[in-house]
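As structure tokens, the structure follows; a few thoughts come after it.
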Amino acid sequence: MTNQAQELAVQPAAYHIGHPGIQLQEAFDVSVVIPTILRPTLRRALESVFTQDFKGRTQILVGIDKSTADRKSISEICRTMPAHCVVTVMDLGYSTSVRHGGLHPARDGGTLRTALSYLANSRYVSYLDDDNWWDPNHLSTLLTAIERCDWAFSLRWFVDPESSTPLCIDQWESTGIDCGVFADQFGGFVDPNCLMLDKLRCEPVLRAWSIPVDGDKKAMSADRNVFRLLRENFRSAATQSATCKYVLDPNDGLHPQRMEWIRAGAAPENASQRVTEPWGKIFGIGLSRTGTTSLTEAFRMLGYTAVHFPTSLGQIDHHDASTDTPVAANFGNLDQRYPNSKFILTIRDKPSWLESCEKFWRKNGEDFEKTEFIRNLHATLYGSNDFDPARFSAAYDRHIDAVGEFFRDRPNDLLTLDVFTDGDPWAALCDFLETPRQQAPFPHQNRSSVVDALLTRLLAVIGDVKETATVANVSVAYIDGLRNAGIIDDLDEPMVLDGGLEANLILRRIVNVKGDDIAARIVNGP
């Protein structure tokens, strides 16, 4: 009996569409997940991603749930795709949702959002349904908002399904945490089309995309589970801009209620409200290491949209407040471009400032060298891209004098603030901005002594400089510097983890990479 080779059918389940030479292994700056049944509106959704003002490497993952439509339509749409984008198509040939004969209960895509979130080759993941679309600044504003948190969200427009005309901004439903009409029932809500996740920090959330709320007979509520986990466990930020176009569905059970909201016009008392002021913008014009990160977070706590280290005028245009060296280097031009703006000069005791700068440059100097924008910025402000105490000291005095001279006859437009030594920074800041004072503690974001203690404890447990730097996401040179400086923290005693957001983020990375037991040992001792 002769064995005969059988001819097998081979059907690819995934493929990439991109320009020649695109590197797939290199992590993308952002990924966009689009579940689809290949409706004609997919073209509009994809083209809205192609035309984003963010020009970083963008991966678009299209997951086909079930469809008899011609797959060639995707390639045709991609003919207008810019060079920085890649479309990754996942076409399994079957549905994972019970809606179309699959195994998983989520009827709106089964496990597609979960699987594609894990497969995305970027830590930042946004979501877009194939019948909706985004404004050009959607991704850029979300990426700015997510800089110092775990997830971010935009607001959205309700759109007429027949004419595709935007009707009004949703002030009732997808408005954020503890606000809107679902505040009591769900603790608020954010539509998936408005979300961006840091998937490494929010990893436990990804599975929830395939799990509807218990008792939901329609099984279309996995997004509620996702929002609940995000709200309860992770830190968020809002862009406060409506950059998502959400097309109303007349067959949705909430459609009559939404139309009633639109006709009524008025927002509920607890809906999200954007802060508006009689002046132009708010600018934090302090140099590096003067509390600009803390000031940015303070703005957000006061209800302003704020961007730390803006890299374009577009980012400044779309935020109420902007801070850090790109702003400090251009405060005169910004004053002309945005009349009637408020300026806040953050300062610091110079010896303390120089010491902080030296550590900061030792920690991040290698990354500064890689970016022309930062090299030029540091050359302008400090006269050097490398830390030099004499040049930095002179630059500090020069900047303070220049700001003082510029605003000499305009004292009402400038606040000088030391967030490190002022007993209550809120008092001066809130009085200057004419806004009610906050009861919460002022957000001191970077407390380097606690961060260093955490890093040295991590090094003591791991024992390897390179691995410690990888886990903490800092440079090898910085960890090596701590070791060579002989900085030691006693592992036998619990540490007080009051180091602001930077220390908390490092601890979260330790938990994600090394596990809870190692993190507990570092913080609590043996």
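Throughout the sequence shown, residue numbering follows the working numbering, covering 2 to 527 in sequence.
The beta carbon of each residue, even a glycine, is placed where N, CA and C say it ideally should be.
Let me know the secondary structure DSSP gives Arg522 once reduced to three states.
In the three-state scheme derived from DSSP, where H, G and I count as helix and E and B as strand, Arg522 is classed as helix.
What are the boundary residues of the beta strand (DSSP E) that Ser242 is part of?
Taken as a continuous stretch (DSSP letters only), the beta strand (DSSP E) holding Ser242 covers Ser237 to Val248.
Boundaries of the alpha helix (DSSP H) in which Met302 is found, first to last residue:
Looking at the DSSP string, the run of the alpha helix (DSSP H) that includes Met302 is Thr293 to Met302.
Does the Cβ of Ser295 have 16 or more other Cβ atoms within 10 Å, making it buried, or fewer, making it exposed?
So Ser295 ends up on the buried side.
Would Thr69 be called buried (16 or more neighbouring beta carbons within 10 Å of its own) or exposed?
In the assembly as shown, Thr69 is an exposed residue. Its beta-carbon has fewer than 16 other beta-carbons within 10 Å.
Would you say Arg108 and Lys219 are within 8 Å of each other, going by their C-beta atoms?
Taking 8 Å as the Cβ cut-off, Arg108 and Lys219 qualify as a contacting pair.
Quick check: the Cα distance between Phe407 and Arg399, rounded to an integer number of angstroms?
Distance between the alpha carbons of Phe407 and Arg399 is about 12 Å.
Going by beta carbon distance, what residues of the same chain come within less than 6 Å of Leu303, once the five residues before and after it are set aside?
So the list reads Thr436, once near-sequence residues are dropped.
Return helix, strand or coil for Val404, following the three-state DSSP convention.
It is helical.
Provide the residue span of the beta strand (DSSP E) that contains Cys86, from first to last.
Judged by DSSP secondary structure, Cys86 falls within the beta strand (DSSP E) whose first and last residues are Cys86 to Met91.
If we call anything under 8 Å between Cβ atoms a contact, is Ala322 one with Ile283?
Going by C-beta atoms, Ala322 is nearer than 8 Å to Ile283.
With DSSP collapsed to three states, give me the class of Gln316.
Gln316 falls in the helix class under three-state DSSP.
Nearest by alpha-carbon distance to Thr291: which of Ile263, Phe332, Glu233 and Glu356 is it?
Distances from the alpha-carbon of Thr291 to those of Ile263, Phe332, Glu233 and Glu356 put Glu356 closest.
Does Lys360 pass the burial test, meaning 16 or more other C-beta atoms within 10 Å, or should it be called exposed?
That one is buried.
Let me make sure I understand the geometry here. Which of Met82, Arg44 and Val87 has the alpha-carbon closest to that of Tyr16?
Of Met82, Arg44 and Val87, the residue nearest in Cα terms is Val87.
If you run the structure through DSSP and keep just helix, strand and coil, what is Phe443?
The answer is coil: DSSP assigns Phe443 none of H, G, I, E or B.
Ile348 to Tyr305 span [Cα, whole Å]
Cα to Cα, the separation comes out at about 22 Å.
Considering only residues of the same chain and omitting the five flanking positions on each side of Val512, which have a CB-CB separation below 6 Å?
In its chain, beyond the 5 residues on either side, Ala520 have a beta carbon closer than 6 Å to the beta carbon of Val512.
Cβ contact (3+ pairs, closer than 8 Å) linking the stretch 230-241 and the stretch 201-212
Segment contact: the stretch 230-241 against the stretch 201-212, three or more CB-CB distances shorter than 8 Å; contact assigned.
Just the C-alpha distance for Val33 and Val514, rounded to the nearest angstrom, thanks.
Near 24 Å, if we compare the C-alpha coordinates of Val514 and Val33.
Distance, Val462 Cα to Arg522 Cα
Cα to Cα, Arg522 sits roughly 8 Å from Val462.
Based on the DSSP output, what are the partners of Leu346 in its beta bridges?
Thr417.
When you compare the CB positions of Leu117 and Gly64, do they come within less than 8 Å of one another, or not?
With respect to the 8 Å criterion, Leu117 and Gly64 are classified as neighbours on the basis of their beta carbons.
Answer with buried or exposed for Pro442, where buried requires no fewer than 16 other C-beta atoms within 10 angstroms of its C-beta.
Within 10 angstroms of the beta-carbon of Pro442 lie fewer than 16 other beta-carbons, which makes it exposed.
Can you give me the Cβ contacts of Ile317 inside the same chain, cut-off strictly under 6 Å, excluding the 5 residues immediately before and after it?
Result list for Ile317: Pro311 and Ser323, in chain order.
Is Phe344 closer than 8 Å to Asp414 when the C-beta atoms are compared?
In contact: Asp414 and Phe344 (Cβ atoms closer than 8 Å).
Under 8 Å by Cβ, that's how I've got Leu459 and Val475 pegged, so tell me the actual separation to the nearest angstrom.
Not quite, the Cβ-Cβ distance comes to about 10 Å (not below 8 Å), so this is no contact.
Reduced DSSP category for Leu196 - H, G, I as helix; E, B as strand; rest coil:
Under the three-state reduction of DSSP output, Leu196 falls in the strand class.
Taking DSSP as the reference, what is the three-state secondary structure of Ser123?
The answer is coil: DSSP assigns Ser123 none of H, G, I, E or B.
Closest to Ile78 by C-alpha separation, out of Arg58, Gln60, Leu93 and Ala46, would be which residue?
Ranking the options by Cα distance to Ile78, first place goes to Ala46.
Proximity below 8 Å, CB of Leu156 to CB of Ile178:
The answer is no: Cβ separation not under 8 Å.
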